[in-house]
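Have a look at the structure below before the remarks.
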Amino acid sequence: MSNLTGNLREVGRSFFPLGWTAFGGPAAHLGYFRTEFVHRRGWLGDAAYADLVAMSQFLPGPASSKVGMALGYGRAGLAGMAYSWLLFTFPSALILTVFGLAVPGSGVSWLDGLLAGLLAAAAGVVVHAIVGMAKKLLTTPTAWALALISSALLLVAGSAWQLAVLAVAGLLGATVLRRFLPTSQAPDTANDLRAVPAGLAWGCLGAFFLLLGGLAAAAQFTDSYLVTRANAFYQSGALVFGGGHVVLPLLEDQFVGAGWLSQQEFLAGYSVAQGVPGPLFTFASYLGAVDGGIAGAVLGTVLIFLPGAFLTLSALYFWARWNHLAWLRGAFSAISAAVIGLLVAALWDPIITHGVTGWASGMIAVAAGAALFFKAPPWAVAVGAALAGAVLL
Numbered sequence: 495m496s497n498l499t500g501n502l503r504e505v506g507r508s509f510f511p512l513g514w515t516a517f518g519g520p521a522a523h524l525g526y527f528r529t530e531f532v533h534r535r536g537w538l539g540d541a542a543y544a545d546l547v548a549m550s551q552f553l554p555g556p557a558s559s560k561v562g563m564a565l566g567y568g569r570a571g572l573a574g575m576a577y578s579w580l581l582f583t584f585p586s587a588l589i590l591t592v593f594g595l596a597v598p599g600s601g602v603s604w605l606d607g608l609l610a611g612l613l614a615a616a617a618g619v620v621v622h623a624i625v626g627m628a629k630k631l632l633t634t635p636t637a638w639a640l641a642l643i644s645s646a647l648l649l650v651a652g653s654a655w656q657l658a659v660l661a662v663a664g665l666l667g668a669t670v671l672r673r674f675l676p677t678s679q680a681p682d683t684a685n686d687l688r689a690v691p692a693g694l695a696w697g698c699l700g701a702f703f704l705l706l707g708g709l710a711a712a713a714q715f716t717d718s719y720l721v722t723r724a725n726a727f728y729q730s731g732a733l734v735f736g737g738g739h740v741v742l743p744l745l746e747d748q749f750v751g752a753g754w755l756s757q758q759e760f761l762a763g764y765s766v767a768q769g770v771p772g773p774l775f776t777f778a779s780y781l782g783a784v785d786g787g788i789a790g791a792v793l794g795t796v797l798i799f800l801p802g803a804f805l806t807l808s809a810l811y812f813w814a815r816w817n818h819l820a821w822l823r824g825a826f827s828a829i830s831a832a833v834i835g836l837l838v839a840a841l842w843d844p845i846i847t848h849g850v851t852g853w854a855s856g857m858i859a860v861a862a863g864a865a866l867f868f869k870a871p872p873w874a875v876a877v878g879a880a881l882a883g884a885v886l887l
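Numbering of the sequence shown is given in the numbering used here, commencing with residue 495 and proceeding in unit increments.
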């Protein structure tokens, strides 16, 4: 019990500051996680972290939240998984819930500058992550080619194609390109990531499909607030690949199309969601608050993340059993290279295009990246960027 308590404290010390300072979207979040959990705390190695990131791209829901939940589980079991999700999600969920209940307009210039500084720093965070991952993972010309081609395709076609790009990369890595990719032994998941029991993994997989089908069926026969909203949030978390921005059309169809929210209310919440830390999926907290008060906010926050939690536990189990297979290692080597290309594309749009808008924000981005290269803690980088933004932007 004392060991579990100590591990939970470590989860708390890690995720509490990240929940309040992790601005910039999933690409930046993954950079913060790598700095905190691979480099500073040594919870897992670079290879295992790269596999975890690659695996998360093939599961529906928010990528950074799934990685965070897996890290929490790896450190302190189910309690650690729930605790890491709560700490990483609570700040943005709280802010968006309050906004949904009160719908205030701030217009406070220094607060706008503070947020702008944090968004600018996200560019430096992602550059730091890309350089670090490239050194470890892009060790052959083929891996470099996959990363560059993936980046170019996503820059041209947009983020909606990221799952297709990763799937093609994985297929090529498992077959014709396997012998041209970096070869390494499978990471020691027994040391890097806590094993998921078979019963828990299969139970989560069954619960995922049971709720997906059961809520959809029940919503056809009742107008109950609880059932219809639970179905809308759960479906949005279960059926969307590609992160927060991709879930918006489905949420708009569910809530605006059904007349639960007006178009103006929906867009106002989306605008505010861009300026809060943590996962964009907490936009569900705002929708629930506008539609059903605090109870609606809690319902939305839990139900939109629940499918990803179920599938993360199931995927960790199957990955631990199969990661020694040569074709699967090849697939994940290729996917890891393509993920670096994905991060490069995300660095440009939306991070640089939205966060680096002039010389001052550019200097903040460069300073944030330099500080991380000199091993400054991420929370200190975030605080410094926020203060610089409040003064300069």
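By construction, the Cβ of each residue, glycine as well, lies at the ideal position given by its N, Cα and C atoms.
N- and C-terminal bounds of the alpha helix (DSSP H) containing residue i
{"i": "K560", "result": "A557 to A596"}
{"i": "T636", "result": "P635 to A651"}
{"i": "T776", "result": "No alpha helix (DSSP H) holds T776; DSSP gives it neither H nor E."}
{"i": "H523", "result": "P520 to F527"}
{"i": "S718", "result": "Run containing S718: none; DSSP gives neither H nor E here."}
{"i": "L706", "result": "A692 to A713"}
{"i": "L755", "result": "That residue, L755, is in no alpha helix (DSSP H); it is neither H nor E in DSSP."}
{"i": "V659", "result": "Q656 to A668"}
{"i": "A541", "result": "D540 to Q551"}
{"i": "G883", "result": "P872 to L886"}
Residue closest to residue i, alpha-carbon to alpha-carbon, out of the options
{"i": "L657", "options": "H622, L613, P554 and L745", "result": "P554"}
{"i": "L538", "options": "L755, L687 and G878", "result": "L687"}
{"i": "I589", "options": "I829, G693, V792 and W873", "result": "V792"}
{"i": "F749", "options": "P773, G878 and G786", "result": "G786"}
{"i": "F775", "options": "T795, A576 and L733", "result": "T795"}
{"i": "L649", "options": "L836, T722, L609 and T529", "result": "L836"}
{"i": "L518", "options": "L704, G769 and V659", "result": "Looking at the sequence provided, one finds Gly at residue 518 rather than Leu. If we check each option's Cα against that of G518, G769 comes out closest."}
{"i": "A576", "options": "V662, A767, G506 and A701", "result": "G506"}
{"i": "W579", "options": "S586, A570, T591 and G566", "result": "G566"}
{"i": "I643", "options": "F715, L694, Y811 and I829", "result": "I829"}
{"i": "F812", "options": "A695, A880, R528 and V659", "result": "A695"}
{"i": "L675", "options": "Q714, S645 and K630", "result": "K630"}
{"i": "A522", "options": "G802, L841 and W853", "result": "L841"}
{"i": "G878", "options": "E504, L613 and T591", "result": "L613"}
{"i": "L647", "options": "G852, A839, W853 and R723", "result": "A839"}
{"i": "G731", "options": "T716, L666, F777 and P871", "result": "F777"}
{"i": "F552", "options": "F703, F826 and W853", "result": "F826"}
Between the CA atoms of residue j and residue i - distance to the nearest angstrom
{"i": "L671", "j": "A544", "result": "19 Å"}
{"i": "L919", "j": "A809", "result": "Residue 919 lies beyond the residue range present for the chain, which begins at 495 and ends at 887; the question has no answer from this structure."}
{"i": "A564", "j": "A615", "result": "25 Å"}
{"i": "S855", "j": "G562", "result": "28 Å"}
{"i": "V621", "j": "T583", "result": "24 Å"}
{"i": "S600", "j": "G611", "result": "Low local confidence applies: a pLDDT of 43 at S600 is under 50, so the model's placement there is unreliable, and no value is given."}
{"i": "V850", "j": "D843", "result": "11 Å"}
{"i": "I846", "j": "A651", "result": "18 Å"}
{"i": "A557", "j": "S550", "result": "5 Å"}
{"i": "L572", "j": "K560", "result": "13 Å"}
{"i": "F760", "j": "F509", "result": "29 Å"}
{"i": "L745", "j": "L781", "result": "9 Å"}
{"i": "D682", "j": "A542", "result": "The pLDDT assigned to D682 is 49, lower than 50, so where the model puts this residue is not dependable; a value taken from the coordinates is nonetheless given after this. Roughly 8 Å separates the two Cα atoms."}
{"i": "L640", "j": "A711", "result": "42 Å"}
{"i": "A684", "j": "A548", "result": "Residue confidence for A684 is low, a pLDDT of 41 falling below 50, so the modelled location carries little weight; the figure read from the coordinates is stated next. Near 19 Å, if we compare the C-alpha coordinates of A548 and A684."}
{"i": "P598", "j": "G763", "result": "Here the model assigns P598 a pLDDT of 44, short of 50, so the residue's position is not dependable and the matter cannot be decided."}
{"i": "L887", "j": "A516", "result": "19 Å"}
{"i": "V784", "j": "D747", "result": "16 Å"}
{"i": "G697", "j": "I858", "result": "47 Å"}
{"i": "W873", "j": "A882", "result": "14 Å"}
{"i": "L467", "j": "G594", "result": "This structure cannot speak to residue 467, because the chain is shown only from 495 to 887."}
{"i": "T669", "j": "A831", "result": "15 Å"}
{"i": "V532", "j": "G708", "result": "39 Å"}
{"i": "L608", "j": "D540", "result": "32 Å"}
{"i": "E888", "j": "G536", "result": "Residue 888 falls outside the range modelled here, since the chain spans only 495 to 887, and no answer is possible."}
{"i": "A884", "j": "D606", "result": "7 Å"}
{"i": "M495", "j": "L797", "result": "Bear in mind that the predicted position of M495 carries a pLDDT of just 47, short of 50, making it unreliable; the figure below should be weighed with that in mind. Taking the straight line from one Cα to the other gives about 30 Å."}
{"i": "L524", "j": "W816", "result": "24 Å"}
{"i": "A767", "j": "V662", "result": "32 Å"}
{"i": "V619", "j": "V625", "result": "10 Å"}
{"i": "Q483", "j": "G751", "result": "This structure cannot speak to residue 483, because the chain is shown only from 495 to 887."}
{"i": "Q729", "j": "T499", "result": "35 Å"}
{"i": "F867", "j": "M627", "result": "13 Å"}
{"i": "P520", "j": "P773", "result": "7 Å"}
{"i": "L805", "j": "R823", "result": "20 Å"}
{"i": "G753", "j": "T634", "result": "53 Å"}
C-beta neighbour in chain B for residue i, strict 8 Å
{"i": "L761", "result": "Of the chains in the structure shown, none is chain B; there is only one protein chain."}
**Item:** Sequence ranges, alpha helix (DSSP H) only - wholly within the segment 782 to 859, length at least 4
**Value:** 820 to 840
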